[in-house]
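Down below is the structure, laid out as structure tokens.
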Amino acid sequence: MQNSGYQRIKKVSLDFVESMKIGHTPGVYSKEPNEGESFYGSYHAAHVLDLFGELSRYSEKDLDTWASQFTRRQTEQGYFSKHESDKKRIRSIEEMEPAWHYTRGNIWALRVLGRKAEKELSFLEPLLNAEKLYDWVKHYNWENSWSAGNQVLAAATALFAHRDWFGGSEVNALMEKGMYKALEELQDPETGFWGTQFGADLPNGLFGTIHVVPIYFALGWPLKHLERCVDSTLACQLPDGSFWPGGSDCPDFDGAYQLVNLMALTDYRREDVEVACRKYLAHALQHESEDGVGWLLHRKDSELADWVPRPHWIWKEGEKMASAELRDEDPNREKIMLGSWFYPLSIALVSEFLGDTGYEGNYQYNANSLHVCNVFNGALNNENK
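Under my numbering, the first residue of the sequence shown is numbered 33, with each subsequent residue one higher.
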């Protein structure tokens, strides 16, 4: 019997997913109220349902239909795009910048559904060389660790898919010789974060770091500078328990994910981290919608003056740097599907660490989606996966 706290978190999340369903075809969802069909709606819905073990209710035929929402977006070169003009476009590795994040999301969604891409990922060919992979990781401007980490995590996602779907048995060794070597050189020993020695502030460093450490967990690479990393993560938490003014699903998840994983690796400042996790849990619950359907973009006790627009890092065609697109400050926007994935996922991690919150339950962590890959389900504790 699951406790009432867990059951409430599950119901709030699943009811929002259900409210975003469009029609009767499996896998068709909106991202937020009053919008039409959305890739991100379908992608995040799969993750929410997977977190609560609900995908097992779907037939194989329905899962195939859902997966077709993603496979139809694959190009002949193997990357994924929403643009019909990309179907036959061959992108160099330099031209992949605008396509990495979208490709990552499609691959994660397919893996959560237990399906695979139809075409091989031939766009990866330039990175299937350790020296070139090393140079590619190092070429980013890590002063914006948040943006650089996103791209590297997307590449890792595609490399793992190449390994698991298409027999790329060389991938693990390739990544250790190329990506691991580069990332080790880029970690700041003074903060434990990626990018801070190049000018990233601590929050940007945190948000970049949580895109790097899932790769470490997935491959069992040792994570260094743990004590400095704990200090830095705690320094990023705001007095109300959040990791972004007014609360925001991505930064809030990032902070909670980092704290819980670190506590599996070190007991340094454990009491401080426990306090931080309890503050985070209280904060996350302030995003629970009062109507019991979904999770709010901003704390329900906050005001517009408290909010700071969060940058979404957009790689535009032909640009060599990501640009910030500011969102989430519109008071007419209350909920999006991402929040109904990230808030319950972070509550799951925090409650599992604390053990006495009343929100513990049968959450399912699918390590094939790297935001869900953590120190508990990664290669460190699952060498035979």
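The beta-carbon is built from N, C-alpha and C at its ideal position, and this holds for glycine as well.
Whether residue i touches residue j by CB criterion (9 Å)
i, j, result
"G287", "C268", "yes"
"V382", "A316", "yes"
"M295", "I247", "no"
"F198", "R147", "no"
"A308", "L358", "no"
"W98", "S74", "yes"
"W174", "W226", "yes"
"L238", "G279", "no"
"P360", "P341", "Per the sequence presented here, residue 360 reads as Asp, with Pro not at that position. Taking 9 Å as the Cβ cut-off, D360 and P341 qualify as a contacting pair."
"H194", "L156", "yes"
"V419", "G181", "Residue 419 lies beyond the residue range present for the chain, which begins at 33 and ends at 417; the question has no answer from this structure."
"F285", "S378", "yes"
Spatially closest choice to residue i from the options, by CA coordinates
i, options, result
"K63", "P130, E86 and L370", "L370"
"V204", "W197, L215, F192 and T228", "It should be noted that the sequence gives Asn, not Val, for residue 204. Comparing Cα-Cα distances from N204 to each of W197, L215, F192 and T228, the minimum goes to F192."
"Q183", "L238, W197 and I346", "I346"
"A190", "A214, A77 and L159", "L159"
"E150", "E157, I139 and L156", "I139"
"G59", "P65, S117, Y289 and E50", "E50"
"T223", "R136, C261, Y90 and N394", "C261"
"D106", "G137, E216 and L270", "Here the sequence assigns Gln to residue 106, which means Asp is not the residue at that position. Of G137, E216 and L270, the residue nearest in Cα terms is G137."
"D220", "H194, H257, V245 and H243", "H257"
"E67", "D94, M52, A78 and H79", "M52"
"A356", "D333, Y289 and S179", "S179"
"I125", "S91, N161, R104 and L95", "N161"
"E127", "E384, M353 and Y72", "M353"
"F84", "F275, A380, S154 and K348", "A380"
Inter-residue spacing [alpha-carbon to alpha-carbon] between residue i and residue j
i, j, result
"N416", "R40", "Confidence at N416 is low in this model, with a pLDDT of 36, below 50, so its placement is unreliable and the value that follows should be read with caution. Computed Cα separation, rounded: 35 Å."
"L142", "E108", "17 Å"
"G326", "D263", "32 Å"
"A441", "D281", "Outside the modelled stretch of the chain, which goes from 33 to 417, sits residue 441, for which no answer is possible."
"E28", "G390", "Within the shown structure, residues of the chain are numbered from 33 to 417, placing residue 28 beyond reach of any answer."
"Y212", "Y134", "23 Å"
"S100", "V305", "42 Å"
"K43", "P283", "23 Å"
"V404", "E351", "30 Å"
"L255", "D233", "21 Å"
"D47", "G324", "8 Å"
"K119", "A131", "12 Å"
"K367", "W339", "15 Å"
"V292", "T298", "10 Å"
"D82", "V144", "7 Å"
"D167", "E152", "24 Å"
"A186", "L402", "9 Å"
"G37", "P343", "32 Å"
"D196", "E320", "37 Å"
"N409", "N400", "10 Å"
"K170", "N176", "13 Å"
"R365", "S372", "14 Å"
"Y61", "K311", "33 Å"
"P277", "L270", "8 Å"
"S45", "E322", "13 Å"
"Y90", "S334", "39 Å"
"L218", "Q290", "18 Å"
"H76", "E384", "22 Å"
Burial state of residue i, where buried means 16 or more other Cβ atoms lie within 10 Å
i, result
"H56", "exposed"
"Q34", "exposed"
"H330", "buried"
"P363", "exposed"
"A235", "Per the sequence shown, residue 235 should be read as Pro rather than Ala. Classification for P235: buried."
"G273", "buried"
"E259", "exposed"
"N406", "buried"
"G231", "exposed"
"Y111", "buried"
"H115", "exposed"
"I122", "exposed"
"G387", "exposed"
"G210", "buried"
"N394", "exposed"
"S88", "exposed"
Any chain B beta carbon closer than 9 Å to residue i
i, result
"E357", "Looking at the structure shown, chain B is missing, and only one protein chain is on hand."
In chain order, which continuous runs of the alpha helix (DSSP H) of length 4 or greater are located wholly inside the region 361–395?
371–386
Please list the segments of the alpha helix (DSSP H) lying wholly inside the region 122–166, counting only runs of 4 or more residues, in order along the chain.
132–144
Completely contained alpha helix (DSSP H) runs for the region 203–269, where each covers 4 or more residues:
203–207, 213–218, 234–251 and 258–268
Every unbroken beta strand (DSSP E) within the region 256–333, with a cutoff of 3 residues, ordered by chain:
none
Run through the region 34–84 for me and flag every whole alpha helix (DSSP H) of 4 or more residues, listed as ranges in chain order.
36–51 and 71–83
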